[in-house]
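S.K.: Heads up: the sequence shown runs through residues 431 to 752, numbered per my numbering. Mind looking over this structure? Questions follow.
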Amino acid sequence: MPVVEKVLEILEDNRGRSVSGNKIAQSLGVTRSAIWKAVTRLREDGYSVSAVTNRGYRLNDDNDMINEPAINAFLKTESLGRSIDIFKTIDSTNDFAKSRAHLGAEHGALIVADHQTAGKGRMGKRFHSPGRSGIYMSVIVRPKFSVEYAMAITSCTAVAVAEAIENVTGLSCGVKWVNDIYCNGKKLCGILTEASIGVEQGGLDYVVIGIGLNVSNAVFPRDLENIATSLRLETGKKFSRAQLIAEILNCLEKRLEEIPTHGYIDEYRRRSIFIGHDIIIRKNNAATKAKCLDIDNLGKLLVKYEDGTEAAISSGTVELAD
Ligand code: BTN
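Right, dumping it as structure tokens:
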């Protein structure tokens, strides 16, 4: 591990407290000037590190940089997030994760970025991904279950993300079928899962689960300001992105195990903002009104159209009619 990363680990473990440069140098077996260089490099990378005479260096509390030690401090998983790649800027963490998965990246590998230049949403849409504001993360999973459960991974992730948000912030969120987390009528988080089917085994080779969560955004571009929100706008508070990432993985690992038994689905139903409401289903340039009756065990939306016919919907865009 490079000295700069080791220094960061020590400062992160002592966040908010000063650690003497001498002590750090001794424990790493390097000179004090090497520690000074590492601190300079961390500052260039955007970390706020104070140097106090006779006391040493301190990683200030207001830092919300995403780094491995900070994630590991909250991570309780066995496999998710045990390999982590963090980028300052990337086009799309999902695209990078797919290329890594093709090359054989292991189950649970995590790719995170502070900023995305081409963040992707469902249906070819862009996902607004400014730096220092949100979480843009992709997890590679290699499921043992069959292709019919692919859709369940998105709904299961929605449950896990909603739970993680609640655990860390106390904010209660709903799920807008199939992949959005909502709070007070606005979108807080989107999920994009992309799967690759193994031709030989006929099952899922890998699935990339992409999660975009608005954390500290104070403003949104004009086209999003009435439909998007952030944890900061909803609570007036700041939260650690690293802690949220770790808690999302903690919740996701548990919930993914429940897919074959549909164990997560009751919680998905409970959080659904559609069940019992009139909705509009948009598909192939047509908009159809229906009532949402329920969600089945595979995450399909069970609806009743105005002509009385019923259907199970697995694709399209749906919104509340009222
Ligand atoms: C949606 O809102 O339709 C889904 C948004 C998914 C955004 C996340 S951000 C991390 C990952 N990388 C991407 O390019 N997209 C997903």
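Just so you know, even glycine gets a beta-carbon here, dropped at the ideal spot from N, CA and C. Bear in mind that the values here come from a model prediction, so they are computed numbers and not experimental data.
How many angstroms separate the CA atom of S509 from the CA atom of D737?
M.R.: 48 Å
S.K.: When we look at the beta-carbon of G615 and count the other beta-carbons within 10 Å, is it buried (16 or more) or exposed?
M.R.: With fewer than 16 Cβ atoms within 10 Å of its Cβ, G615 is classed as exposed.
S.K.: Look up G446 in the DSSP assignment and give the residues it is bridged to.
M.R.: As DSSP reads the structure, G446 sits in no beta bridge.
S.K.: Among D635, E442, G620, which has the Cα closest to the Cα of V577?
M.R.: D635
S.K.: Less than 8 Å separating the beta-carbons of I695 and V748?
M.R.: no
S.K.: Starting from T470, trace the alpha helix (DSSP H) both ways and give me its first and last residue.
M.R.: 462-474
S.K.: So is G561 buried or exposed if we call it buried at 16+ other beta carbons inside 10 Å?
M.R.: Exposed, by the Cβ-count rule.
S.K.: Taking 7 Å as the cut-off, is the CB of R712 close to at least one heavy atom of the ligand BTN?
M.R.: no
S.K.: Would the segment 714-729 and the segment 666-677 be scored as touching if the rule is three or more Cβ pairs under 8 Å?
M.R.: no
S.K.: How would you write the range of the beta strand (DSSP E) that T519 sits in, first residue to last?
M.R.: 514-520
S.K.: Based on the DSSP secondary-structure assignment, which residues constitute the bridge partners of H532?
M.R.: DSSP output for H532 lists no bridge partner at all.
S.K.: Name the one or two DSSP bridge partners that Y612 has.
M.R.: In the DSSP assignment, the residues bridged to Y612 are G604, K617.
S.K.: So K684 is in the alpha helix (DSSP H); what residue range does that whole segment cover?
M.R.: 671-687
S.K.: CB K518 to CB H545, shorter than 8 Å?
M.R.: yes
S.K.: How is the alpha helix (DSSP H) around G451 delimited, first residue to last?
M.R.: 451-458
S.K.: What span of residues does the alpha helix (DSSP H) with N502 cover, start to end?
M.R.: It spans 498-502 - the alpha helix (DSSP H) in which N502 sits, taken as one unbroken run.
S.K.: I want to know whether the segment 514-529 touches the segment 690-704 - three or more CB-CB distances under 8 Å.
M.R.: no
S.K.: Please go through the same chain and pick out, in chain order, the residues whose beta-carbon is closer than 8 Å to the beta-carbon of N597, but skip the five residues on each side of it.
M.R.: E677, C681
S.K.: Tell me, please, which residues DSSP counts as bridged to G486.
M.R.: V482
S.K.: Give a single yes or no on whether F557 has its beta carbon closer than 7 Å to a heavy atom of the ligand BTN.
M.R.: yes
S.K.: Looking at C-beta atoms only, is the number of pairs between the segment 468-482 and the segment 434-441 that lie closer than 8 Å three or more?
M.R.: Judged by Cβ distances under 8 Å, the segment 468-482 makes contact with the segment 434-441, as three or more pairs qualify.
S.K.: Kindly examine the ligand BTN and report whether one of its heavy atoms sits closer than 7 Å to the Cβ of S522.
M.R.: yes
S.K.: Give the single residue among V638, S563, C603, G633 whose Cα lies nearest to the Cα of V649.
M.R.: S563
S.K.: Looking at the ligand BTN, does it come within less than 7 Å of S646, judged from the CB to the closest heavy atom?
M.R.: Answer for S646: no, Cβ out of range of the ligand BTN.
S.K.: By how many angstroms is the C-alpha of D475 removed from the C-alpha of V637?
M.R.: 32 Å
S.K.: Find the nearest neighbour of C619 within the set A582, V479, F557, judged by alpha-carbon distance.
M.R.: F557
S.K.: For a test of your reading of the model: does the CB of D610 fall under 7 Å from any non-hydrogen atom of the ligand BTN? Yes or no.
M.R.: yes
S.K.: With distances taken between CB atoms, is the gap from M567 to I583 smaller than 8 Å?
M.R.: no
S.K.: Can you give the Cα-Cα distance for K528 and G628, rounded to whole angstroms?
M.R.: 14 Å
S.K.: Given a cut-off of 8 Å on the beta-carbon distance, is the pair C603 and A592 in contact?
M.R.: yes
S.K.: Are E697 and V589 close, meaning C-beta to C-beta below 8 Å?
M.R.: yes
S.K.: Alpha carbon to alpha carbon, how far is K684 from G551? Give it in angstroms, no decimals.
M.R.: Taken atom to atom, the span from the alpha-carbon of G551 to that of K684 is near 25 Å.
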